[in-house]
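Q: Under numbering that gives the first Met the number 0, think of the first position of the sequence shown as 0, with each following residue one higher. Following this message is one structure expressed as structure tokens.
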Amino acid sequence: MGKGKQRVFKASYIIVLLIVSVGVFMWYSNVLKDELRGLVRDTLKEVSNQNVLVVQKEITGDLNALAEIADRIAPLQDTEEIMEVLDEVLIRYSFKRMGYVGSDGMAHTTDRLSFDVSNNAYYQASIQGETYISDIVIDWTDGEETIIFSTPIKSNGEIIGIVIATYRVESLKEILSVTSFDGEGYTYIIQRDGSKVVDSINPTSFQNMTNIFTSMEEADKRNTKVIRELKHLLENNQTGFVIFYNIIGKYMYITPLGINDWFLIDVVPVDFMESTSNYIIQRTYLVFVVLVVVCVVIAVMIFWEERRKKKEMQNLLYVDELTKGNTLAKFKLDLKQKIFDKHNSAALIVLDLDDFKLINELFGYDEGNKVLCDIWTTLQGNCGKEEVAGRGIADHFVMCLQYGKKKEIEERILKITEEIQHCFMPKSMEYILHPVFGVYYMEQYDEDIEAMIDCATLAHNHVKQERNGIYKVYTDVMKERILEKKQLSDQIEHAYKNHEFIVYYQPKYGSKSQRLVGAEALVRWRRPNGQMVSPGLFIPLAEESGFVRKLDEYVFKEVCLAQRRWMDKGLPIVPISVNISRRHLENPEFIDEYKKILDDSGVPIEYIQLEITESAMLDEHEELIAIMERLHQLGFIILMDDFGTGYSSLMMLKSVPVDIMKLDKSFVDDYDDERGEQIIRRVMQMAKDLKIEVTAEGVETEDQYEFLKSINCDTIQGYYFARPMPEDEFEKCMNEESA
Ligand code: C2E
Ligand code: CA
Ligand code: CA
Numbered sequence: 000m001g002k003g004k005q006r007v008f009k010a011s012y013i014i015v016l017l018i019v020s021v022g023v024f025m026w027y028s029n030v031l032k033d034e035l036r037g038l039v040r041d042t043l044k045e046v047s048n049q050n051v052l053v054v055q056k057e058i059t060g061d062l063n064a065l066a067e068i069a070d071r072i073a074p075l076q077d078t079e080e081i082m083e084v085l086d087e088v089l090i091r092y093s094f095k096r097m098g099y100v101g102s103d104g105m106a107h108t109t110d111r112l113s114f115d116v117s118n119n120a121y122y123q124a125s126i127q128g129e130t131y132i133s134d135i136v137i138d139w140t141d142g143e144e145t146i147i148f149s150t151p152i153k154s155n156g157e158i159i160g161i162v163i164a165t166y167r168v169e170s171l172k173e174i175l176s177v178t179s180f181d182g183e184g185y186t187y188i189i190q191r192d193g194s195k196v197v198d199s200i201n202p203t204s205f206q207n208m209t210n211i212f213t214s215m216e217e218a219d220k221r222n223t224k225v226i227r228e229l230k231h232l233l234e235n236n237q238t239g240f241v242i243f244y245n246i247i248g249k250y251m252y253i254t255p256l257g258i259n260d261w262f263l264i265d266v267v268p269v270d271f272m273e274s275t276s277n278y279i280i281q282r283t284y285l286v287f288v289v290l291v292v293v294c295v296v297i298a299v300m301i302f303w304e305e306r307r308k309k310k311e312m313q314n315l316l317y318v319d320e321l322t323k324g325n326t327l328a329k330f331k332l333d334l335k336q337k338i339f340d341k342h343n344s345a346a347l348i349v350l351d352l353d354d355f356k357l358i359n360e361l362f363g364y365d366e367g368n369k370v371l372c373d374i375w376t377t378l379q380g381n382c383g384k385e386e387v388a389g390r391g392i393a394d395h396f397v398m399c400l401q402y403g404k405k406k407e408i409e410e411r412i413l414k415i416t417e418e419i420q421h422c423f424m425p426k427s428m429e430y431i432l433h434p435v436f437g438v439y440y441m442e443q444y445d446e447d448i449e450a451m452i453d454c455a456t457l458a459h460n461h462v463k464q465e466r467n468g469i470y471k472v473y474t475d476v477m478k479e480r481i482l483e484k485k486q487l488s489d490q491i492e493h494a495y496k497n498h499e500f501i502v503y504y505q506p507k508y509g510s511k512s513q514r515l516v517g518a519e520a521l522v523r524w525r526r527p528n529g530q531m532v533s534p535g536l537f538i539p540l541a542e543e544s545g546f547v548r549k550l551d552e553y554v555f556k557e558v559c560l561a562q563r564r565w566m567d568k569g570l571p572i573v574p575i576s577v578n579i580s581r582r583h584l585e586n587p588e589f590i591d592e593y594k595k596i597l598d599d600s601g602v603p604i605e606y607i608q609l610e611i612t613e614s615a616m617l618d619e620h621e622e623l624i625a626i627m628e629r630l631h632q633l634g635f636i637i638l639m640d641d642f643g644t645g646y647s648s649l650m651m652l653k654s655v656p657v658d659i660m661k662l663d664k665s666f667v668d669d670y671d672d673e674r675g676e677q678i679i680r681r682v683m684q685m686a687k688d689l690k691i692e693v694t695a696e697g698v699e700t701e702d703q704y705e706f707l708k709s710i711n712c713d714t715i716q717g718y719y720f721a722r723p724m725p726e727d728e729f730e731k732c733m734n735e736e737s738a
């Protein structure tokens with residue numbers, strides 16, 4: 000996934016999460032609200048029920064009292080006596096007035112009024128035997144709102160009159176005005192048609208209400224619907240809730256009182272009722288917001304931490320600690336983007352210093368590191384915008400340069416070489432750096448980078464092997480050769496078991512005597528099909544794998560056995576030299592093994608000589624001398640092979656116990672140019688001074704032979720006299736000698 004896509008994905012992930020959590024929260028707060036609202040209604044219902052009870056208790060109490068009074072006055076005949084009783088009980092009850100109505104319909108009240116009530120509803124009801132409660136009646140004496148209670152007076156089962164009591168509405172009002180809901184709540188009693196029975200003194204209630212519907216309608220237009228609901232409840236004599244508006248929203252709880260068509264209405268502002276639930280909901284909101292903030296903060300922190308870690312990892316992976324430049328990993332990454340994606344013509348170049356190890360040893364690691372940093376700066380300075388460079392391990396660098404024509408790459412390599420050689424060497428170092436380049440021209444854009452680097456490295460190795468030159472371009476032949484080598488290397492061990500290795504002998508002749516004075520044993524690989532594989536090909540491979548030790552030991556043993564046979568045949572024995580690979584020098588134990596093989600064969604030690612190549616002597620100087628001394632002590636003659644190829648100084652000959660020096664073929668070839676001749680002469684002189692015998696290798700022509708003879712070279716080996724040959728042929732040579 001690309002970076003942009005990843006970001007969009009992350010953002011949408013967070014948004015979805017937010018939406019879901021807000022949704023869940025809304026749902027939860029609604030559930031909570033409903034739950035709390037239910038609780039609020041329950042409270043209101045509770046208060047309302049309480050009020051109903053109070054009102055019922057007040058009125059039934061009064062009616063019971065009235066019935067008792069009726070019983071008391073039933074036996075009395077005299078109006079005056081009745082009035083006395085009424086006067087007496089009036090003081091005990093809170094009625095405004097009481098009265099007695101006889102069967103004539105004339106009322107006699109405790110305030111000494113007499114009037115005809117025969118047309119009044121309460122009279123007509125009670126004279127029929129009912130206990131009656133009137134609706135609101137305006138007292139004609141003072142205009143006060145009252146309720147009239149009446150009950151029949153029975154004597155011997157006959158109704159002889161009624162008792163009436165005038166009840167002040169104000170008293171009910173007082174009872175109901177007991178504060179509820181912190182003074183925010185109030186209570187009305189209304190009739191089914193909405194007309195007021197008892198209103199409230201609470202200042203937030205409807206003032207001067209005569210009909211609740213009218214008051215509601217006047218208070219707020221929104222109430223129209225509520226009125227309908229309310230009417231519905233009243234008509235069906237039901238208990239229920241409505242919410243209406245009088246400036247603010249208010250709950251109204253309606254309960255039938257069970258007296259006339261009266262209903263008790265308890266009112267409380269929605270806000271008040273919901274203040275607790277709102278408080279809880281607000282707290283919940285707060286907790287939610289805090290949670291969301293905390294989650295977001297944590298998410299952001301995790302995100303940042305991840306980014307930081309990723310950056311750190313990338314730095315570790317992509318930034319070279321030493322040069323602060325690109326690592327190989329970064330190089331590969333950039334290569335894909337800058338070259339592959341754009342299909343530009345480009346060359347992949349690997350380079351290192353020919354002698355970086357030496358720089359570290361001569362000038363110290365700090366200087367070595369500085370050189371690496373300087374090289375990085377040079378490479379980077381030579382990279383265009385679409386080009387890349389990076390460092391692998393030690394002094395191995397990689398670059399990818401673009402080109403129009405391939406020649407440009409060569410020019411740029413030379414320019415970089417120039418800069419590395421001249422710009423960055425500290426003055427204290429009188430040392431010139433030698434960068435070596437391997438070039439691979441990229442053909443396709445889907446190639447394996449690793450494989451391309453390998454190809455460039457292959458070309459690079461060629462420059463190194465040849466020991467001069469600055470760069471080489473990879474060719475397929477290089478790879479084929481590598482493949483061949485790989486195949487050979489894989490086959491060597493099998494070939495050994497299959498007895499495909501045989502020993503050839505190349506005779507050596509005395510320069511003056513021209514007689515056979517010795518021979519060199521040279522291993523040959525003869526394939527089952529008769530094809531010969533050159534030791535120049537397989538010996539380096541065997542050296543690489545270490546198999547050469549086995550091979551050398553085999554040759555050594557074969558030579559010992561051959562000498563034994565020749566001795567037994569009574570042939571004139573000459574010493575035969577055997578090559579010892581540098582790999583033996585790592586492990587001195589071979590000496591004992593060789594000695595044992597020799598002793599087992601019973602061949603005198605002077606019949607076997609050992610050749611050690613000069614270049615091997617450079618490496619482990621002290622250990623090598625120890626090994627050579629040990630061999631010497633045992634009685635082996637030691638030959639220094641390939642003298643002149645390993646850059647060893649003549650002075651070295653003084654410290655190394657060498658008996659015979661083999662002048663390399665390259666010297667012999669150069670004998671005819673003046674400088675070459677001078678060198679050979681000097682070497683010969685030096686060897687003579689050190690009492691070291693000299694054998695010339697690779698002598699092919701008579702001129703070479705004559706020259707070597709003239710300067711007193713002791714022994715001659717080369718095609719001029721004889722090529723390496725199989726055992727039986729060499730036997731013939733020996734036979735000829737003895738003839
Ligand atoms: P070397 O030890 O320097 O052996 C001499 C090489 O020069 C031999 O090549 C020989 O055939 C060749 N030679 C001799 N005279 C002439 C001449 O007049 N002209 C030319 N052009 N070449 C001449 P060869 O046999 O191919 O061996 C190559 C190298 O392989 C040897 O070089 C040696 O380093 C290695 N080698 C051969 N046999 C063994 C062995 O048994 N053990 C080890 N460790 N290395 C061996
Ligand atoms: Ca040799
Ligand atoms: Ca040689």
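Ideal Cβ positions, reconstructed from N, Cα and C, are used throughout, including at glycine. This structure is a prediction, so every number in the text was calculated from the model and none was measured.
Where the beta carbon is closer than 5 Å to any heavy atom of ligand 5, which residues qualify, in chain order?
A: Looking at this structure, you won't find ligand 5 anywhere; what it does contain is ligand 1, ligand 2 and ligand 3.
Q: What residue does the beta strand (DSSP E) around A388 start on, and which one ends it?
A: Along the sequence shown, one-based indexing puts residue 388 at 389. Start and end: 387 to 390.
Q: Measure the alpha-carbon distance for R415 versus M477 and round it to whole angstroms.
A: Start at 1 with the first residue of the sequence shown, and residue 415 comes out as number 416. Start at 1 with the first residue of the sequence shown, and residue 477 comes out as number 478. A quick correction: the sequence has Ile, not Arg, at residue 415. Those two C-alpha atoms are separated by around 25 Å.
Q: So the candidates are N235, I58, D219; which of them puts its Cα closest to the Cα of S750?
A: The structure shown does not extend to residue 750, since the chain is modelled only from 0 through 738, so no value can be given for it.
Q: Have a look at M566, E588, A124, G569 and flag the residue whose alpha-carbon is nearest the alpha-carbon of E552.
A: Residue numbering aside, residue 552 sits at position 553 when the sequence shown is read from its first letter. Ranking the options by Cα distance to E552, first place goes to E588.
Q: Check the DSSP bridge columns for F500 and list the partner residues they point to.
A: Here residue 500 refers to the residue found at position 501 of the sequence shown. The partner list for F500 (beta bridge, DSSP) reads W524.
Q: At what residues does the beta strand (DSSP E) containing F436 begin and finish?
A: Within the sequence shown, the letter at position 437 stands for residue 436. Residues 434 to 440.
Q: What do you get for E610, buried or exposed, if any count of 16 or more other CB atoms within 10 angstroms of its CB means buried?
A: As a first step, residue 610 must be located in the sequence shown, where it is residue number 611. E610 is buried by the Cβ-count criterion.
Q: Count Cβ pairs between the region 133 to 150 and the region 161 to 171 that sit closer than 8 Å; are there 3 or more?
A: As far as the Cβ criterion goes, the region 133 to 150 touches the region 161 to 171, which means the pair count is three or higher.
Q: Kindly indicate the opening and closing residues of the alpha helix (DSSP H) around R680.
A: One-based indexing of the sequence shown puts residue 680 at position 681. Element bounds for R680: 673 to 688.
Q: Mapping DSSP to helix, strand and coil, what is F94?
A: Residue numbering aside, residue 94 sits at position 95 when the sequence shown is read from its first letter. It is coil, neither helix nor strand.
Q: Would DSSP call E696 helix, strand or coil?
A: Reading the sequence shown from its first residue, position 697 is the one you call residue 696. If DSSP states are grouped into helix, strand and coil, E696 belongs with coil.
Q: Can you tell me which of the three DSSP states A345 falls into?
A: Translated into positions along the sequence shown, residue 345 becomes position 346. Correct three-state label for A345: strand.
Q: Quick check on D453: does DSSP put it in helix, strand or coil?
A: Position 454 of the sequence shown, counted from the start, is the residue given in the question as residue 453. Looking at D453 - three-state DSSP - the assignment turns out to be helix.
Q: In three-state DSSP terms, what is I147?
A: On the sequence shown, position 148 is the one that residue 147 refers to. If DSSP states are grouped into helix, strand and coil, I147 belongs with the strands.
Q: Would you list, in sequence order, the uninterrupted beta strand (DSSP E) runs of no fewer than 3 residues that lie entirely inside the region 571 to 597?
A: If we require 3 residues or more, the beta strand (DSSP E) runs fully inside the region 571 to 597 come out as 575 to 579.
Q: Could you check if E446 belongs to the surroundings of ligand 3, using beta carbon to heavy atom distance under 7 Å?
A: Walking along the sequence shown from the start, residue 446 turns up at place 447. For ligand 3, not one heavy atom lies less than 7 Å from the Cβ of E446.
Q: Using the Cα positions of V23 and V288, report the straight-line distance between them to the nearest angstrom.
A: As a first step, residue 23 is located in the sequence shown; it is residue number 24 there, counting from the start. As a first step, residue 288 is located in the sequence shown; it is residue number 289 there, counting from the start. Between V23 and V288, the C-alpha separation is close to 13 Å.
Q: Relative to the C-alpha of Y185, which candidate in I297, A345, K309, Q49 has its C-alpha closest?
A: Stepping through the sequence shown from its first residue, residue 185 is reached at position 186. Of I297, A345, K309, Q49, the residue nearest in Cα terms is Q49.
Q: Are S274 and R36 closer than 8 Å when you measure CB to CB?
A: Within the sequence shown, numbered from 1, the residue matching residue 274 stands at position 275. Within the sequence shown, numbered from 1, the residue matching residue 36 stands at position 37. No, they are not a contact pair.
Q: Quick one: Cα of F537 to Cα of I572, how far?
A: Mapped onto the sequence shown, residue 537 falls at position 538. Mapped onto the sequence shown, residue 572 falls at position 573. Roughly 30 Å separates the two Cα atoms.
Q: Do the CB positions of A689 and L630 come within less than 8 Å of each other?
A: The count along the sequence shown starts at 1 and reaches residue 689 at position 690. The count along the sequence shown starts at 1 and reaches residue 630 at position 631. Note that residue 689 corresponds to Leu in the displayed sequence, not to Ala. Cβ distance not < 8 Å, so L689 and L630 don't count as in contact.
Q: Any chance the region 572 to 583 sits against the region 507 to 524, with 3 or more Cβ pairs inside 8 Å?
A: Touching, yes.
Q: Alpha carbon to alpha carbon, what distance is there between R548 and T326?
A: Here the question's residue 326 lines up with position 327 in the sequence shown. Here the question's residue 548 lines up with position 549 in the sequence shown. Whole-angstrom Cα-Cα distance: 39 Å.
Q: Could you tell me the distance, in whole angstroms, from the CA atom of F500 to the CA atom of A518?
A: Counting from one through the sequence shown, the residue named residue 500 turns up at place 501. Counting from one through the sequence shown, the residue named residue 518 turns up at place 519. If I take the Cα positions, the gap works out to 18 Å.
Q: For the alpha helix (DSSP H) containing F212, list its first residue and its last residue.
A: Residue 212 sits at position 213 when you count from the first residue of the sequence shown. 211 to 218 is the span of the alpha helix (DSSP H), which, as asked, contains F212.
Q: Where does P539 sit, in a helix, a strand or coil, going by DSSP?
A: Taking the first residue of the sequence shown as 1, we reach residue 539 at position 540. Note: P539 maps to helix in three-state DSSP.
Q: Exposed or buried, which one is S600 when buried takes at least 16 other CB atoms within 10 Å?
A: Translated into positions along the sequence shown, residue 600 becomes position 601. Burial call: buried.
Q: Please report the Cβ distance between D713 and V693, rounded to the nearest whole angstrom; I am assuming they are in contact, meaning their Cβ atoms lie under 8 Å.
A: Working through the sequence shown from its first residue, we reach residue 713 at position 714. Working through the sequence shown from its first residue, we reach residue 693 at position 694. With a Cβ gap of about 5 Å, D713 and V693 count as contacting.
Q: Let's test the definition: count the other Cβ atoms within 10 Å of the Cβ of W524 and tell me whether it reaches 16, buried, or not, exposed.
A: Residue mapping note: residue 524 aligns to position 525 of the sequence shown, counting from 1. Its Cβ being crowded by 16 or more others within 10 Å, W524 is buried.
Q: Looking at S580: is its Cβ nearer than 8 Å to the Cβ of E542?
A: For this step, residue 580 is matched to residue 581 along the sequence shown. For this step, residue 542 is matched to residue 543 along the sequence shown. In contact: S580 and E542 (Cβ atoms closer than 8 Å).
Q: Using a Cβ-Cβ cut-off of 7 Å (strictly less than) and excluding sequence neighbours within five positions of R680, which residues of its own chain qualify?
A: For the purposes of this step, residue 680 is taken as residue 681 along the sequence shown, with counting starting at 1. Within the same chain, R680 has close Cβ partners I710.
Q: DSSP state of F262, grouped into three classes?
A: Here residue 262 refers to the residue found at position 263 when the sequence shown is read from its first residue. In this structure, F262 counts as strand in the three-state DSSP scheme.
Q: Hey, is A520 close to ligand 1, as in C-beta under 7 Å from one of its heavy atoms?
A: Within the sequence shown, numbered from 1, the residue matching residue 520 stands at position 521. A520: yes, Cβ under 7 Å from ligand 1.
Q: Which term fits I14, buried or exposed, when burial requires 16 or more other beta carbons within 10 angstroms of its beta carbon?
A: Sequence index remark: in the sequence shown, residue 14 carries index 15 (1-based). The residue in question, I14, is exposed, as its Cβ has fewer than 16 Cβ neighbours within 10 Å.
Q: With a floor of 4 residues, list each alpha helix (DSSP H) that falls wholly inside the region 231 to 276, ordered by position along the chain.
A: You should have found no qualifying run.
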